[in-house]
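Numbering (UniProt numbering), first residue to last: 1 to 326.
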């Protein structure tokens, strides 16, 4: 066998890599890239640390580049490592899906649809699509995982999720987006809070009050309109609790830790039950769009294709006004 041939930039011949690269090495590298150390990666893979280190060295030898900068107090992907990780994640996702795709040998629609959802998505349109899909294809199965919006999109990018329903800050040109619904955020407090139950509240009453909020409630992030609303309400800058999960933000508000933002349509029942109390502002509430996000480069099984098509058809035929919850 001929010795490996490097090009001018030092990379091995692409055709040689395609012929000889062990896909298991790529899977190991994906876990290494998503871990904080070789020891952590080895534990996740249920392999010994020397085995994982050897696998990394084999991959680096085959690629001809150092992929992870390791040393005392250092563990980070190099530039070639970052590039390989982006590609390896997609390759790994495609391989994981092969067994599911190969099982589709009957006319009956089977297969699993894996949906990554931001916490407490409340959308009657989506619920109806799920009900109709199950009635038409009872052999198909659903898996719904609640994640932060960032992690939900990462699952779609890695082809581990069929699609996501979440908030979007920056659009990845490799993904597709469609607005599913629009919701409005208001500010609320819980029964232990001194403003709870008080009518006619003004901005002066809000001044200096502690707040709780979402991790993404920052001027440079997806909930920027909510950040501006908090500032305009004269709330104090002291945020005493944060979470990426709506249920946990709600928990802290009800417990009286501070005033915090929640979607108005989601809190309607809590307000009616006397669990939450809305505070100013009452008008011109910030609107936040919730998106359906999918990866057009992922090969989908029949169930995934049909459900995603049904969601897009429902969005297409339903005016935004009927997908706006306020």
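Each residue gets a CB set at the ideal place from its N, CA and C atoms; glycine is no exception.
Judging by CA-CA distance, which residue of the options is the nearest neighbour of residue i?
| i | options | result |
| --- | --- | --- |
| residue 157 | 166, 168 and 174 | 174 |
| residue 187 | 304, 212 and 149 | 212 |
| residue 79 | 66, 284, 90 and 88 | 66 |
| residue 74 | 91, 293 and 35 | 35 |
| residue 264 | 281, 29, 256 and 228 | 281 |
| residue 302 | 32, 61, 114 and 28 | 114 |
| residue 150 | 223, 318 and 228 | 223 |
| residue 142 | 266, 206, 325 and 308 | 308 |
| residue 284 | 271, 111, 225 and 299 | 225 |
| residue 111 | 50, 93, 248 and 139 | 139 |
| residue 235 | 251, 207, 136 and 185 | 207 |
| residue 84 | 123, 29 and 51 | 29 |
| residue 109 | 88, 137, 124 and 131 | 137 |
| residue 87 | 56, 23, 316 and 300 | 23 |
| residue 324 | 201, 200, 72 and 124 | 124 |
Between which residues of its own chain and residue i is the CB-CB distance below 8 Å, once the five residues before and five after are set aside?
| i | result |
| --- | --- |
| residue 320 | 179 and 182 |
| residue 3 | The predicted model places residue 3 with a pLDDT of 39, which falls under 50 and marks its position as unreliable; any figure quoted below should be read in that light. Counting only Cβ-Cβ distances below 8 Å, and skipping sequence neighbours, we find nothing. |
| residue 230 | 187, 211, 213, 217 and 261 |
| residue 51 | 42 |
| residue 255 | 190 and 192 |
Grab me the residues of residue i's own chain with a C-beta within less than 7 Å of its C-beta, minus the 5 sequence neighbours each way, in chain order.
| i | result |
| --- | --- |
| residue 1 | For residue 1, the predicted structure reports a pLDDT of 35, less than 50, and the residue's modelled location is therefore unreliable. A value from the coordinates is still provided. Result list for residue 1: empty, nothing under 7 Å. |
| residue 189 | 195, 196, 253, 259, 277 and 279 |
| residue 129 | 310, 311 and 314 |
| residue 40 | none |
| residue 11 | The predicted model places residue 11 with a pLDDT of 47, which falls under 50 and marks its position as unreliable; any figure quoted below should be read in that light. These residues qualify, in order along the chain: 64. |
| residue 326 | 184, 264 and 265 |
Report yes if the C-beta distance between residue i and residue j is below 8 Å; otherwise report no.
| i | j | result |
| --- | --- | --- |
| residue 215 | residue 242 | yes |
| residue 329 | residue 38 | No answer is possible for residue 329: the residues shown for the chain start at 1 and end at 326. |
| residue 244 | residue 148 | yes |
| residue 58 | residue 25 | yes |
| residue 126 | residue 306 | no |
| residue 116 | residue 155 | yes |
| residue 33 | residue 81 | yes |
| residue 203 | residue 233 | yes |
| residue 293 | residue 153 | yes |
| residue 159 | residue 298 | yes |
| residue 247 | residue 120 | yes |
| residue 228 | residue 240 | no |
| residue 122 | residue 266 | yes |
| residue 184 | residue 287 | yes |
Between which residues of its own chain and residue i is the CB-CB distance below 6 Å, once the five residues before and five after are set aside?
| i | result |
| --- | --- |
| residue 76 | 69 |
| residue 290 | 180 and 181 |
| residue 296 | 176 |
| residue 27 | 92 |
Which complete alpha helix (DSSP H) runs does the region 21-70 hold, if anything under 4 residues is left out? Whole alpha helix (DSSP H) segments, 4+ residues: 23-33, 38-45 and 49-63.
Which runs of the alpha helix (DSSP H) at least 4 residues long sit entirely within the region 181-237? Give them in chain order. As summarised for the region 181-237, the continuous alpha helix (DSSP H) elements at least 4 residues long and confined to that stretch are 203-206 and 224-232, given in chain order.
Three or more C-beta pairs under 8 Å: does that hold for the region 161-172 against the region 185-202? Result no; under three Cβ-Cβ pairs closer than 8 Å.
What runs of the beta strand (DSSP E), each 3 residues or longer, lie entirely inside the region 254-298? Counting only runs of 3 or more, we get 260-263, 277-279 and 287-294.
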